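Enquirer:
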Amino acid sequence: MKVLVINAGSSSLKYQLYDMRDESVLASGRVERIGMDSSIVTHEPVDKPEVRNVSEILDHVTAVKRVIDMLTNPEFGAISHLNEIEAVGHRVVHGGEAFSSSVLVTQEVKLEIRRLFDLAPLHNPAHMMGISAVETNLPDVPQAVVFDTAFHQTMPNTSYLYPIPTVLYRRHKIRRYGFHGTSHSYVSAQAANYLQKPLESIKMITCHIGNGASCAAILDGKSFDTSMGMTPLEGLMMGTRSGDIDPAIVPFVMNKEELTLNEVNSMLNKHSGMLAISGISSDMREVTEAMVDGDKNAKLAFDMYAYRVKKYIGAYAAAMNGVDTIVFTAGVGENSVALRKAICEGISFLGIELDDARNEQRRKDCREITKEGSRVKVLVVPTNEELLIARDTYNLVKQSRTS
Ligand code: ADP
149 MKVLVINAGS SSLKYQLYDM RDESVLASGR VERIGMDSSI VTHEPVDKPE
199 VRNVSEILDH VTAVKRVIDM LTNPEFGAIS HLNEIEAVGH RVVHGGEAFS
249 SSVLVTQEVK LEIRRLFDLA PLHNPAHMMG ISAVETNLPD VPQAVVFDTA
299 FHQTMPNTSY LYPIPTVLYR RHKIRRYGFH GTSHSYVSAQ AANYLQKPLE
349 SIKMITCHIG NGASCAAILD GKSFDTSMGM TPLEGLMMGT RSGDIDPAIV
399 PFVMNKEELT LNEVNSMLNK HSGMLAISGI SSDMREVTEA MVDGDKNAKL
449 AFDMYAYRVK KYIGAYAAAM NGVDTIVFTA GVGENSVALR KAICEGISFL
499 GIELDDARNE QRRKDCREIT KEGSRVKVLV VPTNEELLIA RDTYNLVKQS
549 RTS
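So the sequence shown is residues 149 to 551, counted in the working numbering.
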């Protein structure tokens, strides 16, 4: 079965086509600047050169049509006819309390995703546009949705409730949902597989550190707590997001700086984090380079970033009454030797013995970076959210055919 994975944003759409016989990627790409004057389609077939195409793409329906054109192109396509696409899987950021696992798209599921627009106003409407666009272009193809929040629906109420008036939870569903669930789920399963132990037997902390960043405490094989909250703003310091701050700062800044709610929101989401502290960049590579060159603000940003990850690891070790394995993943977690070292060296009391040579290896596979015999094992596990979406979609469609 060939499965098309789609991640639709408001003005972009990323795609990947999988052959599920061996889970290989046949082609991937992205459409950018949808609805703007010159949209760009970048198509990357496996074993063939990249193709770039600039044209006017007014909406998601046209974007999906272009993707299908690319995939079926006789010269650089990956399939000969669109009917080879037997299922489509979508990434959906917010599944609220309604979805604790991936599901096939039905009228009810679409209605529920719409009900959640309030909680994810930037993301869920764009995902719905992607789903509708596939319906228009591939009307007979089953679709599935895989939610960033679903994995964390196992959290106990002690983890997910905020200590604010409970009426707000009842009326507006204000609670911790957590995000990056697909990644935390994928890397925790990969780590257990690498260690050849059942996931249920490992107290694990997974650190997904990219532009966005979150930690998850995984107990009995399930998400027990996670650092992102009702929105992806809470928790760790990120590229441009503040992470945890005193909530009283919001009204204080609004008052002192005469800012509107939207402006404060934008400040915390787009102009904070590593970008604000370093004054250089939100990109860990640039900040690290500047730090090595002696820039004090870059060093402060790097140190604060590492310090905040360390604090969450400590908190989750306490929350689970122990930790056996720590996993680093995503752009920074998989690649930043310096950040992993700074984090691990500061929490050696937990029983972590970092192996510098292993940490410095630049490999793309799942690996351990602690010494043989280290009581707590630290692993680097490359994440692959698209593959998990493809797997869930494949399994749901296969089940629906046999039932
Ligand atoms: P997103 O949340 O957008 O998916 P990624 O997981 O791709 O983000 O992570 C992007 C981050 O990873 C950037 O801060 C980038 O600097 C960092 N990164 C990528 N490669 C390296 C590297 N070799 N060393 C340090 N940081 C890296």
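A virtual CB, placed ideally from N, CA and C, is assigned to each residue, including glycine.
Bear in mind the structure is a predicted one, so any value in this text is a computation, not a measurement.
According to DSSP, simplified to helix, strand and coil, what is arginine 239?
Expert: In the sequence shown, residue 239 corresponds to position 91, counting from 1. Here arginine 239 sits in strand by DSSP.
Enquirer: What residue from Tyr453, Glu405, Lys525, His332 has the CA that sits closest to glutamate 534's CA?
Expert: Against the sequence shown, residue 534 aligns to sequence position 386. Closest option to glutamate 534, Cα to Cα, is His332.
Enquirer: Please go through the stretch 171-252 and give each complete beta strand (DSSP E) segment of 3 or more residues, from N-terminal end onward.
Expert: For the stretch 171-252, whole beta strand (DSSP E) runs of length 3 or above, ordered along the chain, are 172-180, 187-193, 199-203, 233-240.
Enquirer: Where does alanine 361 fall in DSSP's three states?
Expert: Mapped onto the sequence shown, residue 361 falls at position 213. The answer is strand: DSSP assigns alanine 361 an E or B state.
Enquirer: State the start and end residues of the unbroken alpha helix (DSSP H) segment that holds phenylalanine 400.
Expert: Counting from one through the sequence shown, the residue named residue 400 turns up at place 252. It spans 397-405 - the alpha helix (DSSP H) in which phenylalanine 400 sits, taken as one unbroken run.
Enquirer: Any chance the CB of valine 236 is under 7 Å from a heavy atom of ligand 1?
Expert: Reading the sequence shown from its first residue, position 88 is the one you call residue 236. No, since every heavy atom of ligand 1 falls outside the 7 Å radius drawn around the Cβ of valine 236.
Enquirer: Between the Cα of alanine 226 and those of Ser248, His242, Pro197, spot the shortest distance and give me the residue it belongs to.
Expert: Position 78 of the sequence shown, counting from 1, holds the residue named residue 226. Checked all of Ser248, His242, Pro197; the closest Cα to alanine 226 is Pro197.
Enquirer: How would you label arginine 319, buried or exposed, when you count the other beta carbons within 10 angstroms and need 16 or more for buried?
Expert: Numbered from 1 along the sequence shown, position 171 holds the residue referred to as residue 319. Its Cβ having fewer than 16 others within 10 Å, arginine 319 is exposed.
Enquirer: With 16 other CB atoms within 10 Å as the buried threshold, where does glycine 391 fall?
Expert: Residue mapping note: residue 391 aligns to position 243 of the sequence shown, counting from 1. Flag for glycine 391 reads buried.
Enquirer: Smallest Cα separation from glutamate 434: which of Asp217, Thr477, Gly387, Leu347?
Expert: For the purposes of this step, residue 434 is identified with residue 286 of the sequence shown, where counting begins at 1. It is Gly387 whose Cα lies nearest to the Cα of glutamate 434.
Enquirer: State yes or no: is the C-beta of leucine 487 within less than 8 Å of the C-beta of methionine 432?
Expert: The count along the sequence shown starts at 1 and reaches residue 487 at position 339. The count along the sequence shown starts at 1 and reaches residue 432 at position 284. Against a cut-off of 8 Å, the Cβ pair of methionine 432 and leucine 487 comes out as a contact.
Enquirer: Could you tell me how far apart the beta carbons of leucine 343 and serine 336 are, in whole angstroms, since I believe they sit closer than 8 Å?
Expert: The residue you call residue 343 lines up with position 195 of the sequence shown. The residue you call residue 336 lines up with position 188 of the sequence shown. Going by Cβ atoms, the distance from leucine 343 to serine 336 rounds to 11 Å, so no, they are not a contact pair.
Enquirer: Taking DSSP's pairing of strands, which residues face glutamate 260 in a bridge?
Expert: One-based indexing of the sequence shown puts residue 260 at position 112. Looking at the DSSP assignment, glutamate 260 forms no beta bridge with any residue, so it has no partner.
Enquirer: Can you name the start and end residues of the alpha helix (DSSP H) that tyrosine 166 belongs to?
Expert: The residue given as residue 166 occupies position 18 in the sequence shown. Premise fails: tyrosine 166 lies in the beta strand (DSSP E), 160-167, not in any alpha helix (DSSP H).
Enquirer: For the alpha helix (DSSP H) that isoleucine 491 lies in, which residues bound it at each end?
Expert: As a working mapping, residue 491 is identified with position 343 in the sequence shown. Here the alpha helix (DSSP H) through isoleucine 491 covers 485-493.
Enquirer: Counting only beta-carbon atoms, is threonine 210 nearer than 8 Å to chain C?
Expert: Among the chains of the structure shown, chain C does not appear; only one protein chain is present.
Enquirer: Does DSSP put isoleucine 322 in a helix, in a strand, or in coil?
Expert: The sequence position of residue 322 within the sequence shown is 174, counting from 1. Residue state, collapsed to three classes: coil.
Enquirer: In the structure shown, what three-state DSSP assignment does alanine 268 receive?
Expert: Translated into the one-based positions of the sequence shown, residue 268 becomes position 120. Three-state DSSP puts alanine 268 in coil, outside helix and strand.
Enquirer: At 3 residues or longer, what runs of the beta strand (DSSP E) sit wholly inside the stretch 332-377?
Expert: Listed in chain order, they are 352-357, 361-367, 370-374.
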